[in-house]
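Number of protein chains: 2
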Amino acid sequence: MPTTRQVSLASRPETAVLPENFMMLDAATPPLGDGDVLVRHIYMSVDPYMRGLMNDGGVAYAAGFEIGKPLFGRVIGEVAESRNADFREGDFVYGMLDWAEWSVAKGGESLRRVDPALAPLSYFLGTLGFPGLTAYVGMMLIGKPKEGETVYVSAASGAVGQVAGQLARIAGARVVGSAGSDEKVRFITGECGFHDGFNYRIAPTVLEALRLHCSDGIDVIFENVGGENLDAVLAHANPFARIAVCGMISQYNLAEPYHLRHVKEVVSKRLNMQGFVVRDHAHLIEQFIEETAGHIADGRMAVAEDVMNGLDNAPAAFIGMLAGENFGKRVIQVGQDPNAF
Amino acid sequence: MPTTRQVSLASRPETAVLPENFMMLDAATPPLGDGDVLVRHIYMSVDPYMRGLMNDGGVAYAAGFEIGKPLFGRVIGEVAESRNADFREGDFVYGMLDWAEWSVAKGGESLRRVDPALAPLSYFLGTLGFPGLTAYVGMMLIGKPKEGETVYVSAASGAVGQVAGQLARIAGARVVGSAGSDEKVRFITGECGFHDGFNYRIAPTVLEALRLHCSDGIDVIFENVGGENLDAVLAHANPFARIAVCGMISQYNLAEPYHLRHVKEVVSKRLNMQGFVVRDHAHLIEQFIEETAGHIADGRMAVAEDVMNGLDNAPAAFIGMLAGENFGKRVIQVGQDPNAF
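Respectively, the protein sequence lines represent chains Y and V.
Sequential numbering from 698 applies to the first sequence in our numbering.
Sequential numbering from 698 applies to the second sequence in our numbering.
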């Protein structure tokens, strides 16, 4: 069995995540028992939700990382050896696996096969993975944009936001996004086909930017940010607007949350605010992949990826992603991809 | 044509409503044209939403009162003279009419007949009127309590809250209410059959009271109050809870709204918050009256009314209702009720 490099949790962050919260080590992969699958990792995902898993106790809906053990996340790999009838050597698979170069999926748990003919393998961690499904659930099952309505997406160039906005555009809505640099705004209004966008870091206030860029108000909001962004959304929403609340990344590290001033608009505007967590909708993934791979193949959906190389760079890549330095879905390539162009 | 006493708007309140904002006067009722109906008023309604109509410009969903003109609201009366084929002398009617003893409904506009055999006439302003329909929309169309779930109703002895809680009890839920006096709590846990209740004025905090009285969390919330009450609800709600937001009466006169701390629970608990305004559902009123009159007749629904006498007392009755001094639905009797027991 191969020896593998792994990233373990050395300590829990106080507020900001630091390099010393991680520890690199080399470990033997265990021998295969009946039903087990040895996976050679190719790509692994780093995502904002992992910040919550670093806290003691994890989050309300998932167990967290344990000190001294490898972190885990979504991985695309190749089956190197299988004692499981559902998987054969050479299959490409998706699974919830360690931050490592190799791992053993006990009983094949969490694995499913992915089809490398559908799209580049790394896309199954982003646009064709749970970030994409998150966008689909929030936009299509909760927001339900109608032709001609105005849709606003925050964190719009990120893994989730870029898909959310493009799904709304495909549905016939007018889509406006906000992002943290002029380059990101050019990406969403260019390749992604958003109708308008703004750089929230240089806007006077989010509310003033919304008044300028969404002059007919907002009918559907895909909310990733919380705080001032959510308050501006409440103030500028149209009657009967739907607010799909995917996350409030601006609020997670604050001792005192932002003071919302416009909550009472919920009544007079008859707003609907719905929080959601993608794992409740995991059963939709195959149908979602099929539909969305069609959008990509037909040129209706652009994909921005931010691929970094080497498992040893994973902690820095994760820390940088939390600060917004990535451009599109950040993935780490940890092994050779035989399907790469 | 009879001369009528009227209550007009003398000035707009700055914050609190004062007696000098009103003016009593006597006016002639105009002669009847084709289609017009002369109504002798019996009961009129004073409701919290009228506070918003006193402001310049009214509210987002309705035009306001005008200075120098009579206030208006929901009235039950008797047809004294009719030049309209749909209404005959002696019919009992419901309409949006002046704060007055007599009025002419031009073309019969806003009038519909009510059946005095179904229930006492004044009930058509409360449990069988728009307050009752408000409770029905929030509880049954938005909250949708299931058997065994826990439902929390704020302002629970009021015109809306008492119906909301009883509808949830009839649906098989465990119902907990809060109100502003021990006597009101005795009413909801006694005649109304709520399973538990608390006096929020003597509870240490709303959150501590909810932990004590809703030990299994809360699945459905009928929110009338906002502010600290809403924050406690967000903190103590169960995953997938539904929050029907009817009003935020605690927030309307504040320059700086309450600082909500628990909004981020919307995501991890997958909460649904839905604001609503009853006038969007006015078409349901006849079906609602039929169903609810059955509940009253069969003893499944109790009614608390707070009837004051005399049009001249209407301003004081309205001001007192805004301060919570009423016990149950406050109505003003302005004329003789031939159906009274």
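By construction, the Cβ of each residue, glycine as well, lies at the ideal position given by its N, Cα and C atoms.
For residue 936(V), the nearest CB of chain Y lies under 9 Å from its own CB, placing it at the interface with that chain. If one requires a minimum length of 3 residues, the beta strand (DSSP E) runs lying completely within the segment 718 to 786 of chain V are 719 to 725, 734 to 742, 769 to 779, in chain order.
With respect to the 9 Å criterion, residue 960(Y) and residue 957(V) are classified as neighbours on the basis of their beta carbons.
Rounded to whole angstroms, residue 849(V) and residue 913(V) show a C-alpha spacing of 12 Å. Rounded to the nearest angstrom, the gap between the Cα atoms of residue 854(Y) and residue 879(Y) is 11 Å. Contact check for residue 1023(Y) against residue 1009(Y) fails: the beta carbons are separated by 9 Å or more.
Proximity of residue 944(V) to chain Y, defined by a Cβ-Cβ separation below 9 Å, is satisfied. For chain Y, the residues of the segment 961 to 974 of chain V that bring a beta carbon within less than 9 Å of one of its beta carbons are 961, 962, 963, 964, 965, 966, 967, 968, 969, 970, 971, 972, 973, 974, in chain order.
923, 927: these are the residues of the segment 909 to 935 of chain Y whose beta carbon lies less than 8 Å from some beta carbon of chain V, given in chain order. Rounded to whole angstroms, the gap between the alpha carbons of residue 925(Y) and residue 903(Y) is 7 Å.
In this structure, the alpha-carbon of residue 701(Y) lies about 6 Å from that of residue 799(Y). Taking C-beta separations shorter than 8 Å and ignoring five residues to either side along the sequence, the partners of residue 886(V) in its chain run 874, 892, 893, 894, following chain order. Counting along the chain, residue 1012(V) sits inside the alpha helix (DSSP H) bounded by residues 1011 to 1019.
Sequence-distant Cβ neighbours of residue 745(Y) in its own chain, meaning closer than 8 Å and more than five residues away, are 944, 946, 1018, 1019. Contact between the segment 723 to 736 of chain Y and the segment 819 to 837 of chain Y is not established, with fewer than three Cβ pairs separated by less than 8 Å. Per the C-alpha coordinates, the member of 786(Y), 862(Y), 733(Y), 698(Y) positioned closest to residue 884(Y) is 862(Y).
Proximity of residue 980(Y) to chain V, defined by a Cβ-Cβ separation below 9 Å, is not satisfied.
Think of a sphere of 9 Å around the beta carbon of residue 833(Y): no beta carbon from chain V falls inside it, the nearest being about 16 Å out. Taking residue 812(Y) as reference, the option from 986(Y), 740(Y), 728(Y), 1032(Y) with the minimal CA-CA separation is 986(Y). When CB distances to chain Y are screened at a threshold of 9 Å, the residues of the segment 977 to 1007 of chain V falling below it are 977, in chain order. For residue 983(Y), the secondary structure class from DSSP, reduced to helix, strand or coil, is helix. The C-beta separation of residue 771(V) from residue 827(V) comes to about 7 Å, placing the pair in contact by the 8 Å criterion. Under the DSSP definition of a beta bridge, residue 872(V) partners with 848(V).
Taken atom to atom, the span from the alpha-carbon of residue 698(V) to that of residue 728(V) is near 7 Å. The DSSP assignment places complete alpha helix (DSSP H) segments of no fewer than 4 residues inside the segment 894 to 932 of chain V at 903 to 910, in order along the chain. Taking C-beta separations shorter than 6 Å and ignoring five residues to either side along the sequence, the partners of residue 877(Y) in its chain run 898, 1021, following chain order. Taking a cut-off of 8 Å for Cβ pairs, the segment 788 to 802 of chain Y and the segment 761 to 778 of chain Y touch, as three or more such pairs fall below it.
Taking 9 Å as the CB threshold, residue 954(V) lines the interface with chain Y.
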